[in-house]
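Single-structure report; data block below.
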Amino acid sequence: MALSDYINNKPTIETDRLIIRPMVSTDVPSLKKWMPDRTIYTYWGKAPGKAEKDPELMFEKADKPTKSFHLGIAEKINDMVIGDIWVYLIENDRMAQIAVRLSSDFHGRGYGTESLSAMTAFCFEHTELQRLWTQVDVRNNASCRMLEKCGYTMEGLIRQGKMINTWCDYYIYGILASDIQ
Ligand SMILES: CC(C)(COP(=O)(O)OP(=O)(O)OC[C@H]1O[C@@H](n2cnc3c(N)ncnc32)[C@H](O)[C@@H]1OP(=O)(O)O)[C@@H](O)C(=O)NCCC(=O)NCCS
0 MALSDYINNK PTIETDRLII RPMVSTDVPS LKKWMPDRTI YTYWGKAPGK
50 AEKDPELMFE KADKPTKSFH LGIAEKINDM VIGDIWVYLI ENDRMAQIAV
100 RLSSDFHGRG YGTESLSAMT AFCFEHTELQ RLWTQVDVRN NASCRMLEKC
150 GYTMEGLIRQ GKMINTWCDY YIYGILASDI Q
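Numbering that gives the first Met the number 0 puts the first residue of the sequence shown at 0, with every later residue one more than the last.
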């Protein structure tokens, strides 16, 4: 498979406790419960935007065909979306950024690690991607620990750099397909 195979047909990835899947308009009530919560944006690089404050807006227009992934993270037990994960800013089908966030009600249960490691494995097993990377505010201990548990390497520290809309000290974390094969 290749990234181009998923342009119009995004994947569903199952883990022990989670289903990582495309989001649909019937997920809006679940999304409304956590997406506007400012606490999850503390180290996110920006405050909640319009669609995050009002998740209905996410479904107003049909998705543009893209190689990027933006998938919901749902608990298998009830299929409620409690977080989301992106693989985006894809360069030459070889390198992409990855990001994950979860409702604060579900932090500390291992779901971040479970979803990030499943998405990482999916990218390396089912697409041509060879490198995934992310920027992490140095104060975001949960994210650093999660990335390290998933096999990501802290590759560098950027001092007072621009991370989305904020200026902060941030780490670059990255993983190569060859790191886990
Ligand atoms: C980052 C995030 C996805 C982690 O999800 P999570 O499900 O809570 O993480 P996990 O339960 O898998 O925990 C991963 C590790 O981090 C540790 N951890 C969790 N919160 C922590 C904290 N506040 N400080 C230090 N370590 C922490 C856990 O103990 C675990 O390590 P361990 O197994 O050695 O004990 C979640 O905190 C989140 O959504 N944050 C807001 C959005 C965000 O900042 N995303 C990352 C942007 S790069």
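Beta carbons are placed, not taken as given, at the ideal position from N, Cα and C, and that holds for glycine.
Keep in mind that this is a model prediction, so the values were computed, not measured.
For a cut-off of 8 angstroms, the C-beta gap from residue 83 to residue 70 is around 7 angstroms, short enough to register as a contact. For residue 133, the secondary structure class from DSSP, reduced to helix, strand or coil, is strand.
Short of 6 angstroms from the beta carbon of residue 146, and not among the five residues preceding or following it, lie these beta carbons of its own chain, in chain order: 172. In this structure, the C-beta of residue 170 stays at least 7 angstroms away from each heavy atom of ligand 1.
Classified as exposed, residue 166 has fewer than 16 neighbouring CB atoms from the shown chains inside 10 Å of its CB.
Going by DSSP, residue 52 is part of no beta strand (DSSP E) but of the alpha helix (DSSP H) stretching over 49 to 52. Using a Cβ-Cβ distance cut-off of 8 angstroms, the segment 52 to 72 and the segment 28 to 35 are in contact, since at least three pairs of beta carbons, one from each stretch, lie closer than that value.
Placement of the Cβ of residue 23 at a distance of 7 angstroms or more from every heavy atom of ligand 1 is found. The count of Cβ pairs closer than 8 angstroms, one atom from the segment 15 to 31 and one from the segment 93 to 100, stays below three, leaving the stretches out of contact.
Not one heavy atom of ligand 1 lies closer than 7 angstroms to the C-beta of residue 88.
In terms of side-chain proximity, the C-beta atom of residue 7 is found no nearer than 7 angstroms to any non-hydrogen atom of ligand 1.
Excluding the 5 residues flanking it on each side, residue 11 has same chain C-beta neighbours closer than 6 angstroms at 20, in chain order. Per DSSP, the unbroken alpha helix (DSSP H) holding residue 123 starts and ends at 110 to 125. For residue 43, the closest C-alpha among the options 98, 75, 119 and 90 is that of 98. Around the Cβ of residue 114, a 10 Å sphere holds 16 or more other Cβ atoms; the residue is buried. A residue is called buried once 16 or more other Cβ atoms fall within 10 Å of its Cβ, and residue 144, having fewer, is exposed.
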